[in-house]
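Chains as they are written, first to last, in this note's numbering: chain A, 1 to 316; chain B, 1001 to 1348.
By construction, the Cβ of each residue, glycine as well, lies at the ideal position given by its N, Cα and C atoms.
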């Protein structure tokens, strides 16, 4: 009797905490919407598609920020994913046992570095390097829109590079755990069939595919929301451009930059609406990645042993 | 027993959620022993001198404690409007619309002065470059793009200017520095006024944005051909060289505490102190200068705090001014101080 009542208290208690998370997310969505009503009412859907951002005339459109956020994050993902997976595969499959622990520890340590430190490193080391790179880019190449723009150092390329470095530890630690959880029977079976080491690793990767996609999406989520390091190197100029060399802007950066001095109501509401858009985009990315993972899982032979995503909690 | 502890836990948690009655008024609670806490918030620019003043004032008035949060001018105005702080502070005067939104009349009190200077990184140029307002406007509008442009060469005879591109750097964060700079450029260039305008954040037609004075000066320092603008205090403290700017009398003036104070002396002061002193008259006036203001309600409900605050401001305007130059702020001219002392009597 006593025991069952304890159980119930425990269940109610933890259940309340779980409900608290839901409440928190709903609360954030509600508050963001409520506090951006002026801007939503005035600009409507145009807010998503126009490029003017003029606090003087009170004309606001978020397109350059949405573009900059997605473009920098996707570029970062393209650069970080191969490296992060390489690290994960080496640590979990190929590394000598002695190196395994220190290597894993070091990649995890990268994730613990505060982003302002990455930003400073970016400003003092990476930006001058990128500037040199931009200066030596031949003019013929500069005619391609991808490489057009003045050699400023700060800009899209710097932002994508710094994001890539910041994303690597997240993706690689999750991918490493996923590979570690692939049952050894999978590899043994591959070897028994005469597979080479590379082929056996491919089997392991195939087995953990859904989890690895989760790891990549975790990195994407991280890149979308990164604020201070990006602000320091992206050049903070709202424009929609495919150029890697031109300064651009992200959603998180404009909020960080302009929030403190936004005294005008409409201006403040427009900034909060940017926050709302970022919230919506992040949720959309998570939903898409969940769908991707589900569709993968269905194809995997033994779904019940497929690793439960650590990314699942982290992404939420 | 266990259930009881859960109940206790919940009770404590609920109590913690209760809005604190005293925090609602937010003007601070007088602690026991008759000591008084006054809370304020606003501009970051005057924060060093304000905290010095509050410290010094408390030495002679141990019962008055003034807290100041440097959250930015916009935040200060917002909190004052919502009456969550007793006084606000701003680098730009409040607009008519902002004043109307407040719960009662708000008075402006200039406290110290600051200036904004152009900094640059041009290869082979060591002597201070000379700029005029229209030239700076042309550069920041993206119309003058090379350092050897005739418009620059004309003002700097004898200086060998390279044919490099001008990399324009501005503040990315909302800032009083941007406000003052744009205020000056809008006065001297109709084009700038129409295309950009005046605010703490504007839509720049050219260049890259960097965060804070340190961000701008850092980027200028490492980018060949770059130009930026920073607070005079920041330039003086970090010992970076800056250009001279032509004032309305046609003279090229080097920014200094004296030339900034001279700008304040060259302006007819309106009764509400909401005045821009950029492009001021006077041969020795530096043209990109501004007051920074403290903001107070004219008829506050809390008379005790009001009396204390008026007393503090009187002290800051007289004795307090001597701390300004040491921290890099230009002190107020005497006539402005006298006018403010009169205006303080209006607070009841």
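Quick check: is the beta carbon of residue i nearer than 8 Å to any beta carbon in chain B?
{"i": "residue 322 of chain A", "result": "Nothing can be reported for residue 322 of chain A: it is not among the residues displayed for chain A, which extend from 1 to 316."}
{"i": "residue 123 of chain A", "result": "yes"}
{"i": "residue 235 of chain A", "result": "yes"}
{"i": "residue 76 of chain A", "result": "no"}
{"i": "residue 314 of chain A", "result": "Annotation note: pLDDT 42 at residue 314 of chain A (below 50); position unreliable, no value reported."}
{"i": "residue 183 of chain A", "result": "no"}
{"i": "residue 232 of chain A", "result": "yes"}
{"i": "residue 154 of chain A", "result": "yes"}
{"i": "residue 56 of chain A", "result": "yes"}
{"i": "residue 263 of chain A", "result": "yes"}
{"i": "residue 258 of chain A", "result": "yes"}
{"i": "residue 150 of chain A", "result": "yes"}
{"i": "residue 247 of chain A", "result": "yes"}
{"i": "residue 138 of chain A", "result": "no"}
{"i": "residue 102 of chain A", "result": "no"}
{"i": "residue 128 of chain A", "result": "yes"}
Does the beta carbon of residue i sit closer than 8 Å to a beta carbon anywhere in chain A?
{"i": "residue 1290 of chain B", "result": "no"}
{"i": "residue 1074 of chain B", "result": "yes"}
{"i": "residue 1037 of chain B", "result": "no"}
{"i": "residue 1033 of chain B", "result": "Residue placement at residue 1033 of chain B is poorly supported in this model, since its pLDDT is 49, which falls under 50; the coordinates are not used for a value here."}
{"i": "residue 1230 of chain B", "result": "no"}
{"i": "residue 1219 of chain B", "result": "yes"}
{"i": "residue 1187 of chain B", "result": "no"}
{"i": "residue 1190 of chain B", "result": "no"}
{"i": "residue 1233 of chain B", "result": "no"}
{"i": "residue 1175 of chain B", "result": "yes"}
{"i": "residue 1199 of chain B", "result": "yes"}
{"i": "residue 1041 of chain B", "result": "no"}
{"i": "residue 1322 of chain B", "result": "no"}
{"i": "residue 1208 of chain B", "result": "yes"}
{"i": "residue 1211 of chain B", "result": "yes"}
{"i": "residue 1203 of chain B", "result": "yes"}
{"i": "residue 1084 of chain B", "result": "no"}
{"i": "residue 1261 of chain B", "result": "no"}
{"i": "residue 1172 of chain B", "result": "yes"}
Is DSSP giving residue i helix, strand or coil here?
{"i": "residue 1106 of chain B", "result": "strand"}
{"i": "residue 1009 of chain B", "result": "Model confidence at residue 1009 of chain B stands at a pLDDT of 44, short of 50, so the residue's coordinates are unreliable; what they give is reported in the following sentence. DSSP places residue 1009 of chain B in helix when its eight states are reduced to three."}
{"i": "residue 1318 of chain B", "result": "coil"}
{"i": "residue 1252 of chain B", "result": "strand"}
{"i": "residue 41 of chain A", "result": "helix"}
{"i": "residue 150 of chain A", "result": "coil"}
{"i": "residue 1298 of chain B", "result": "coil"}
{"i": "residue 1348 of chain B", "result": "coil"}
{"i": "residue 1244 of chain B", "result": "strand"}
{"i": "residue 25 of chain A", "result": "helix"}
{"i": "residue 1039 of chain B", "result": "strand"}
{"i": "residue 1060 of chain B", "result": "helix"}
{"i": "residue 1084 of chain B", "result": "coil"}
{"i": "residue 1031 of chain B", "result": "In this predicted model, residue 1031 of chain B has a pLDDT of only 44, less than 50, meaning its place in the structure is not dependable enough to derive any value."}
{"i": "residue 142 of chain A", "result": "helix"}
{"i": "residue 80 of chain A", "result": "helix"}
{"i": "residue 1269 of chain B", "result": "coil"}
{"i": "residue 36 of chain A", "result": "coil"}
Locate the beta strand (DSSP E) running through residue i, then write down its first and last residues.
{"i": "residue 103 of chain A", "result": "Counting along the chain, residue 103 of chain A falls outside any beta strand (DSSP E), though it belongs to the alpha helix (DSSP H) covering 97-112."}
{"i": "residue 1090 of chain B", "result": "1087-1090"}
{"i": "residue 1065 of chain B", "result": "1064-1069"}
Since residue i sits in a beta bridge, which residues does DSSP pair it with?
{"i": "residue 1113 of chain B", "result": "B:1291 and B:1330"}
{"i": "residue 54 of chain A", "result": "A:59"}
{"i": "residue 1229 of chain B", "result": "B:1118"}
{"i": "residue 1130 of chain B", "result": "B:1244"}
So residue i is in the alpha helix (DSSP H); what residue range does that whole segment cover?
{"i": "residue 1077 of chain B", "result": "1073-1081"}
{"i": "residue 117 of chain A", "result": "115-121"}
{"i": "residue 1259 of chain B", "result": "1257-1265"}
{"i": "residue 1100 of chain B", "result": "1096-1101"}
{"i": "residue 127 of chain A", "result": "127-136"}
{"i": "residue 47 of chain A", "result": "46-49"}
What in chain E is Cβ-close to residue i, meaning under 9 Å?
{"i": "residue 1165 of chain B", "result": "Of the chains in the structure shown, none is chain E; the protein chains are A and B."}
Residue ranges of each beta strand (DSSP E) within the stretch 159-210 of chain A, 3 or longer: List check, beta strand (DSSP E) in window: nothing returned.
Minimum length 3: unbroken beta strand (DSSP E) runs contained in the stretch 1144-1188 of chain B: The beta strand (DSSP E) runs lying completely inside the stretch 1144-1188 of chain B and spanning 3 residues or more are 1167-1171, given in chain order.
4 or more residues per run - each alpha helix (DSSP H) lying fully within the stretch 200-262 of chain A: Entirely contained in the stretch 200-262 of chain A, the alpha helix (DSSP H) runs reaching 4 residues are, in chain order, 209-225, 228-234 and 251-258.
Entirely enclosed beta strand (DSSP E) segments - the stretch 1182-1225 of chain B, minimum 3 residues: If only uninterrupted beta strand (DSSP E) runs of at least 3 residues are considered, those enclosed by the stretch 1182-1225 of chain B are 1208-1210.
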